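Visitor:
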Amino acid sequence: MQKVEKFLPLSRPTISKETIDEVVKVLESGWLATGPLTQKFETELSKYFGDRNVACFTSATAGLHASLIAIGIKPGDEVITTPLTFVATANVIAMLGARPVFVDIERDTFNINVKKIEAACTEKTKAIMPVHYAGLPVDLDPLYEIAKRKNLRVIEDSAHAVGTSYKGRKIGTFGDIQVFSFHPIKNMTSGEGGCVVLDSENEMKTLGLQRFHGIDRSIWDRFSKNGSTYYDVVFPGFKSNMSDVQAAIGLHQLIEVEMMNERRRHFANRYREAFADMGDKLMMQGIPQYDFVHSGHLFPICIVDAKKRDDFMSFLKENSVGTTPYYTPLHLFSYYQKEFGFKKGDFPEAEYVGERIVCLPLYYSLQESDQDYIIEMVKKFFK
Ligand SMILES: Cc1ncc(COP(=O)(O)O)c(C=O)c1O
Numbered sequence: 004m005q006k007v008e009k010f011l012p013l014s015r016p017t018i019s020k021e022t023i024d025e026v027v028k029v030l031e032s033g034w035l036a037t038g039p040l041t042q043k044f045e046t047e048l049s050k051y052f053g054d055r056n057v058a059c060f061t062s063a064t065a066g067l068h069a070s071l072i073a074i075g076i077k078p079g080d081e082v083i084t085t086p087l088t089f090v091a092t093a094n095v096i097a098m099l100g101a102r103p104v105f106v107d108i109e110r111d112t113f114n115i116n117v118k119k120i121e122a123a124c125t126e127k128t129k130a131i132m133p134v135h136y137a138g139l140p141v142d143l144d145p146l147y148e149i150a151k152r153k154n155l156r157v158i159e160d161s162a163h164a165v166g167t168s169y170k171g172r173k174i175g176t177f178g179d180i181q182v183f184s185f186h187p188i189k190n191m192t193s194g195e196g197g198c199v200v201l202d203s204e205n206e207m208k209t210l211g212l213q214r215f216h217g218i219d220r221s222i223w224d225r226f227s228k229n230g231s232t233y234y235d236v237v238f239p240g241f242k243s244n245m246s247d248v249q250a251a252i253g254l255h256q257l258i259e260v261e262m263m264n265e266r267r268r269h270f271a272n273r274y275r276e277a278f279a280d281m282g283d284k285l286m287m288q289g290i291p292q293y294d295f296v297h298s299g300h301l302f303p304i305c306i307v308d309a310k311k312r313d314d315f316m317s318f319l320k321e322n323s324v325g326t327t328p329y330y331t332p333l334h335l336f337s338y339y340q341k342e343f344g345f346k347k348g349d350f351p352e353a354e355y356v357g358e359r360i361v362c363l364p365l366y367y368s369l370q371e372s373d374q375d376y377i378i379e380m381v382k383k384f385f386k
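Counting from 1 along the sequence shown, just add 3 to a position and that's the residue number in my numbering.
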């Protein structure tokens, strides 16, 4: 097969003509900040997530941070999470002066090992933050059983999980709090952005205040025809409100996300079939016993011979294929070692995977011929 001239990136958002038209309309409307379109996006997201409360933010990071504040996380508290995640998950815990307590992953699913959570709980533990890594749901029933018994809150970092289902229920339609990301690499995007899904009206109110300086009246309420420009500040919140420009993108992506996910899953299945007999060279994400739907966010593989991982990535790059080693386990970063005393060896399964993992291109607009080329390059490397 010919070397492809174009570069095949790890990911690429697909923005439809309808989306572009809607964004142009917003740009021409005279109202760009949080307003009617953000409200509409929240209403549509709420329908998608089983009529639960939804608050949009400028990012999932901001949504995770605000959620931790809303559930009352304070300095000295402990929050259990996985080391194999993007640093946002643990940074927001650390930012509040709380302690991220990592629990090792399962080598096959790359998700937090739920069986090890209970042993990590102390009297300081206040919450569990599982991550549905790559779009594969964590085994939530036993996790929620521990949370219930120990009176812990659960914030599911669902950045990878728009469209993921666990035992027939879509992530976001049940459970405690879920936070989704609409970063451009994700299954659906709003440029940058994210949302929090939850039931509590009180916590929803806190999130609303949190994202706009603790001001008790939304900017739309203040500047629209019947609004009042006066307001009170009830606590010092952040500035992480979504704009109507972002919401316009997100609204159309939400209509398209299930269809786009189907295609992502199609490509993921093609990779699985192509690599089925290469188990001695590369390991794919395991398939749990429970019923689930994968969102097809990432397609991670582990290069069995860890020493070959960097050469593998360089070889693919030289041949115009983008990859990334998502993720370096968080306890190996200098800040986490200095601040919390973590060290190499603490979470051997996360380290095993972290040294070997590579994500291959997976996105809606990938073509089968491009994927055939990627598969051929992967096989060529191992020949
Ligand atoms: C697991 C995980 N959590 C949180 C985030 C943060 O999302 P955002 O970029 O929307 O802040 C990401 C983003 O890549 C992520 O992958």
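No residue lacks a Cβ here, since even glycine has one placed at the ideal position from N, Cα and C.
This structure is a prediction, so every number in the text was calculated from the model and none was measured.
1) What beta strand (DSSP E) runs, 3 residues minimum, are completely inside the segment 192-236?
2) Among Phe60, Phe10 and Lys341, whose alpha-carbon lies nearest the alpha-carbon of Lys242?
3) Given that a residue counts as buried once 16 or more other Cβ atoms are within 10 Å of its Cβ, and exposed if not, what is Asp142?
4) Could you pull out every residue in the same chain whose Cβ sits closer than 8 Å to the Cβ of Arg1, ignoring the five residues on either side in sequence?
5) Under a criterion of Cβ closer than 7 Å to any non-hydrogen atom of ligand 1, which residues qualify, in chain order?
6) In chain order, what residues of the same chain have a beta carbon less than 6 Å from the beta carbon of Tyr169, not counting five sequence neighbours either side?
7) Alpha carbon to alpha carbon, how far is Asn94 from Ser227? Give it in angstroms, no decimals.
8) Between Val324 and Arg359, how many whole angstroms is the CB-CB distance? I'm expecting something under 8 Å.
9) Around the Cβ of Val236, are there at least 16 other Cβ atoms within 10 angstroms (buried) or fewer (exposed)?
10) Where do the N-terminal and C-terminal ends of the beta strand (DSSP E) with Ala130 fall, by residue?
11) Suppose you measure from the CA of Asp161 to the CA of Asp24; what does that come to, to the nearest Å?
12) My assumption, with CB atoms under 8 Å, is that His255 sits in contact with Ser19. Please give the rounded CB distance.
13) Can you tell me the Cα-Cα spacing of Gly100 and Lys77, whole angstroms?
14) Pop quiz: Leu350 and Pro332 are said to be a contact at Cβ under 8 Å. What is the actual Cβ separation, rounded to whole angstroms?
15) Are Phe52 and Ala250 close, meaning C-beta to C-beta below 8 Å?
16) What span of residues does the alpha helix (DSSP H) with Val260 cover, start to end?
17) Would you tell me roughly how many angstroms separate the C-alpha atoms of Thr41 and Asp247, rounded to the nearest one?
18) What do you get for Lys310, buried or exposed, if any count of 16 or more other CB atoms within 10 angstroms of its CB means buried?
19) Please report how far the alpha carbon of Val182 lies from the alpha carbon of Glu159, in whole angstroms.
20) Apply the 10 Å Cβ neighbour rule to Lys129 and answer buried if 16 or more other Cβ atoms are within range, or exposed otherwise.
21) From the DSSP secondary-structure annotation, give me the bridge partner or partners of Tyr169.
Guide: According to the structure shown:
1) 197-201
2) Along the sequence shown, read from residue 1 onward, the residue named residue 242 stands at position 239. The option with the nearest alpha carbon to Lys242 is Phe60.
3) Walking along the sequence shown from the start, residue 142 turns up at place 139. Per the 10 Å Cβ criterion, buried.
4) The requested residue 1 is not part of the displayed model; the chain covers only 4 to 386.
5) Ser62, Ala63, Thr64, Ala65, Leu67, Thr88, Phe89, Ala91, Thr92, Val134, Asp160, Ala162, His163, Ser184, Phe185, His186, Ile188, Glu195, Gly196 and Gly197
6) Residue numbering aside, residue 169 sits at position 166 when the sequence shown is read from its first letter. Cβ neighbours of Tyr169 beyond the five flanking positions: Pro140, Leu143 and Phe295.
7) Residue 227 sits at position 224 when you count from the first residue of the sequence shown. Residue 94 sits at position 91 when you count from the first residue of the sequence shown. Their Cα atoms are separated by approximately 37 Å.
8) Mapped onto the sequence shown, residue 324 falls at position 321. Mapped onto the sequence shown, residue 359 falls at position 356. Contact flag wrong, Cβ pair sits at about 18 Å.
9) Translated into positions along the sequence shown, residue 236 becomes position 233. Exposed is the call here.
10) As a working note, residue 130 is residue 127 in the sequence shown. That run of the beta strand (DSSP E) goes Thr128 to Met132.
11) As a working mapping, residue 161 is identified with position 158 in the sequence shown. As a working mapping, residue 24 is identified with position 21 in the sequence shown. Per the sequence presented here, residue 161 reads as Ser, with Asp not at that position. Their backbone Cα atoms lie some 29 Å apart in a straight line.
12) Numbered from its first residue, the sequence shown carries residue 255 at position 252. Numbered from its first residue, the sequence shown carries residue 19 at position 16. Contact flag correct, Cβ pair sits at about 6 Å.
13) As a working note, residue 100 is residue 97 in the sequence shown. As a working note, residue 77 is residue 74 in the sequence shown. So the alpha carbons of these two residues sit roughly 7 Å apart.
14) Looking up residue 350 in the sequence shown gives position 347. Looking up residue 332 in the sequence shown gives position 329. Position check: residue 350 holds Phe in this sequence, whereas Leu was assumed. Going by Cβ atoms, the distance from Phe350 to Pro332 rounds to 6 Å, so yes, they are a contact pair.
15) Position 49 of the sequence shown holds residue 52. Position 247 of the sequence shown holds residue 250. Taking 8 Å as the Cβ cut-off, Phe52 and Ala250 do not qualify as a contacting pair.
16) Residue mapping note: residue 260 aligns to position 257 of the sequence shown, counting from 1. Element bounds for Val260: Asp247 to Phe278.
17) Numbered from its first residue, the sequence shown carries residue 41 at position 38. Numbered from its first residue, the sequence shown carries residue 247 at position 244. Going by the C-alpha atoms only, they are around 5 Å apart.
18) Counting from 1 along the sequence shown, the entry for residue 310 is found at position 307. Counting Cβ neighbours within 10 Å, Lys310 comes out exposed, since fewer than 16 surround it.
19) Here residue 182 corresponds to residue number 179 of the sequence shown, with the count starting at 1. Here residue 159 corresponds to residue number 156 of the sequence shown, with the count starting at 1. Each residue's alpha carbon lies about 6 Å from the other.
20) For the purposes of this step, residue 129 is taken as the residue at position 126 of the sequence shown. The residue in question, Lys129, is buried, as its Cβ has 16 or more Cβ neighbours within 10 Å.
21) Translated into the one-based positions of the sequence shown, residue 169 becomes position 166. Partner(s): Arg172 and Phe295.
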